[in-house]
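Right, one structure below, let's go through it.
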Amino acid sequence: MDSPQVHDFQLYDLLGSQPDVNLDLFSFNNPVEATDQLATSSVEHTSTPPKLSQTRSRNPRSCDFCRVRKTACIVEHALPCTTCRTRGFGCTFTKRRRKTRRTDLLGGSSGHSEIACNSNSNLQNPTELSQECASFSWQDLPSSFDTSGLSLNEFLEDQAQYFTPSTSPGSDTSETHRNAMELPLDQPSWTFHLLGESGESDPYLLKRAALAIHAENQHYRRFQRESHHDHHGENIDDQRPIVFSLDRDHVYNHYEPRVEESEISQIRAQLTRMDEKVGTRLINVYFNYVYPYFPVLSYSKMVEDGYPDERVLGVLPLSLKAVLYASALPFMVYDDVLSTMLDIGLPTAIELYRMSWVAITQEIHSPRLSTIQSCLLLLQRDITDRFVQGSPFQWSFMAWTVSLAQTLGLSTDCSTVWGMPLWEKKLRKRLWWGTFVLDKWNYACSGLASHIHEDDYDVLPLDDSDVACSEMPEPIQNIHTQGHFRHLVELTMILSDVTYSFFTIKASKRTFSDFSLSSTLANELRFRLDEWKVSFDKLSFYQSGELSSRAQIDGNASLGLAYWAVQLLIARATLRSLETRPGSVEERQIREECYGSARLKAEAYCLEIVEFTDRLQAGAWNAFWHKCKR
1 MDSPQVHDFQ
11 LYDLLGSQPD
21 VNLDLFSFNN
31 PVEATDQLAT
41 SSVEHTSTPP
51 KLSQTRSRNP
61 RSCDFCRVRK
71 TACIVEHALP
81 CTTCRTRGFG
91 CTFTKRRRKT
101 RRTDLLGGSS
111 GHSEIACNSN
121 SNLQNPTELS
131 QECASFSWQD
141 LPSSFDTSGL
151 SLNEFLEDQA
161 QYFTPSTSPG
171 SDTSETHRNA
181 MELPLDQPSW
191 TFHLLGESGE
201 SDPYLLKRAA
211 LAIHAENQHY
221 RRFQRESHHD
231 HHGENIDDQR
241 PIVFSLDRDH
251 VYNHYEPRVE
261 ESEISQIRAQ
271 LTRMDEKVGT
281 RLINVYFNYV
291 YPYFPVLSYS
301 KMVEDGYPDE
311 RVLGVLPLSL
321 KAVLYASALP
331 FMVYDDVLST
341 MLDIGLPTAI
351 ELYRMSWVAI
361 TQEIHSPRLS
371 TIQSCLLLLQ
381 RDITDRFVQG
391 SPFQWSFMAW
401 TVSLAQTLGL
411 STDCSTVWGM
421 PLWEKKLRKR
431 LWWGTFVLDK
441 WNYACSGLAS
451 HIHEDDYDVL
461 PLDDSDVACS
471 EMPEPIQNIH
481 TQGHFRHLVE
491 LTMILSDVTY
501 SFFTIKASKR
511 TFSDFSLSST
521 LANELRFRLD
531 EWKVSFDKLS
541 FYQSGELSSR
551 AQIDGNASLG
561 LAYWAVQLLI
571 ARATLRSLET
581 RPGSVEERQI
591 REECYGSARL
601 KAEAYCLEIV
611 EFTDRLQAGA
621 WNAFWHKCKR
């Protein structure tokens, strides 16, 4: 029988504790029978706890050093333990001991297949929360938040801020409790990373609760996708496990490289000296003039009533705060207050970018989504040298950003998973496609190998709902609903296919002397470009009619120029196949016949670019342009 959707997550994993029951005893073919069996077993368990198949003795409490390193704390005769003795220091026991796991969470299970919770409940503390949620039941045991080794109280202390279980009379309790348990993956004091399928921890094993329960002193969070979900005509694999490993930040405090804490304190002091109102206005400028074209932040979480919340400044990481200020500086003239402060000694853009970079180097061992947001904005910084594309580090930094995105699981689609807030799903999706855009355009500009391959991600294409927000002011909302960023991603997908067809090492060997193959590939790609151009022209025409003056900001011009850049790239590949080794007589005749038309087409593209730039108004030149288009 089909199970109700509300049972696609596991209760005791959400509560951060696991019952010590032998899960192999149960068969979960029927949700009601499964819950009744589990409830009965949990009652029996309180009196006669079952024994695990394998038991091993260990010290009642490990020393601090062994706990941080997650190694066995072995004391042969007396302290110190063998690990500390080999390093020449004694054992310490200053850190808080891990609390004993609760084993009676399921004692109040009612045995019903529906969620049975009081619609008028108003939980005041974690204890009441655990008691209220004890009435949950489920069909299967897919782990949603597996926190082996983390006590219930510790978990609830960290997560109580995200629970909103109180509801009004007559509300849908199932949907309410489902939303209440949608916890953000990016949480304070926790570091998370996606577990790959060939890594040390096998996600296919960890998805089984009976095996994950033996992973002591390790914390995992597993998401399950909705079954048989079809989106954009693509079937999402709902069987592949999505498992994240979680650790406390202090576990990574001793990893290198790391900057001195004094440097971080100095950066914090410099940013603190800036008036909060100035900082808030700079962030507002960013959301008005940069965010519409590169939405890598969460508007709903940073802006309240159309203006940035001043409380956001106090919690923004240093790396992100500095790079936001730097990105907004070129548009200060459009703010009534900031435009009068141009002669005041604010930090320069170079200084702010440098602060952000130093702060990032401190965050790399325990990265957050804010870390990759900072990296993406750093990659968009202005080029200071007119004649040099960038230092070799630019490409290395791009590789670092891609690997960071993969570490945080951005390359895995999360639009259909349970247990994650909708705003975070959309943000993670935009962050991945922002990384994709910068990687492909940097690749096209540098000619080096791309860091993102089609087989390594399954993120669904963007739609307007991924970038639209009803809380945005009308000018920003118009740009979003018209789809600037979505058109940029679609054009970048075509660019990716162009580079894959002509400019990889293997593709270059196939096409550099084969005009027939090059021409066939070029025609297919030009057809896709023409379809994109039709859609973009509708966007550009509508927004040009919305502009009240020639000086009003319009950043869509960068997309128009990017279109012609891709056309020129295809023309280069076609001409390349006509300029290589002579070949046979027939091949030379074909080249002579085609050379003239191919050259005229390339010249026509160049003329189109010149005419396009001549038609641009001041508002287009002064808008935000993506770095690869400048």
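Position one of the sequence shown corresponds to residue 1 (full-length UniProt numbering), numbered consecutively onward.
Backbone N, C-alpha and C define an ideal beta-carbon position, used for all residues, glycine too.
All figures in this text were calculated on a predicted structure; none of them were measured in a lab.
For R208, no beta strand (DSSP E) run applies, since DSSP gives it neither H nor E.
With 16 or more neighbouring CB atoms inside 10 Å of its own CB, E490 falls in the buried class.
In the DSSP annotation of this structure, the continuous segment of the alpha helix (DSSP H) that includes I267 starts and ends at E261 to R273.
Looking at the DSSP output, P308 sits in a beta bridge with V303. According to DSSP, residue pairing for F294 in a beta bridge does not occur. The C-beta of G434 has 16 or more other C-beta atoms within 10 Å across all chains shown, which makes the residue buried. For A522 and G596, the gap between their C-alpha atoms comes out near 16 Å. Following the DSSP letters along the chain, one finds L616 in no beta strand (DSSP E), marked with neither H nor E. With respect to the C-alpha of K321, the residue from C91, T499, C375 and T492 having the closest C-alpha is C375. For the pair L568 and A598, the CB atoms are not nearer than the 8 Å cut-off. Apart from the 5 residues on each side of it in sequence, E310 sits with its Cβ closer than 7 Å to the Cβ of E276 and T280 in its chain, given in chain order. Cβ neighbours of C628 within its own chain (closer than 7 Å, five residues either side excluded): W441, N442 and C445. Distances from the alpha-carbon of W190 to those of A449, L369 and G314 put L369 closest. According to DSSP, Y220 shares a beta bridge with S245.
Under the three-state reduction of DSSP output, V337 falls in the coil class, being neither helix nor strand. DSSP places R225 within a strand segment (E or B) once states are collapsed to three. Taking the Cα of E586 as reference, the smallest distance to any Cα among A604, V296 and F515 is reached at F515. Using a Cβ-Cβ distance cut-off of 8 Å, the region 256 to 267 and the region 522 to 539 are not in contact, since fewer than three pairs of beta carbons, one from each stretch, lie closer than that value. Contact between Y605 and A571 holds: CB atoms are separated by about 6 Å, below the 8 Å threshold.
Proximity to G560 across V312, S535 and Q239 peaks at S535, based on C-alpha coordinates. Relative to the Cα of R248, the nearest Cα in the group D186, V296, G419 and V437 belongs to D186. By the CB criterion at 8 Å, Y286 and L318 fall outside the cutoff. Just so you know, the alpha carbons of P80 and I74 end up roughly 9 Å apart. DSSP links V278 through a beta bridge to no other residue. The beta carbon of S496 lies closer than 7 Å to those of K440 in the same chain, with the five residues before and after it left out.
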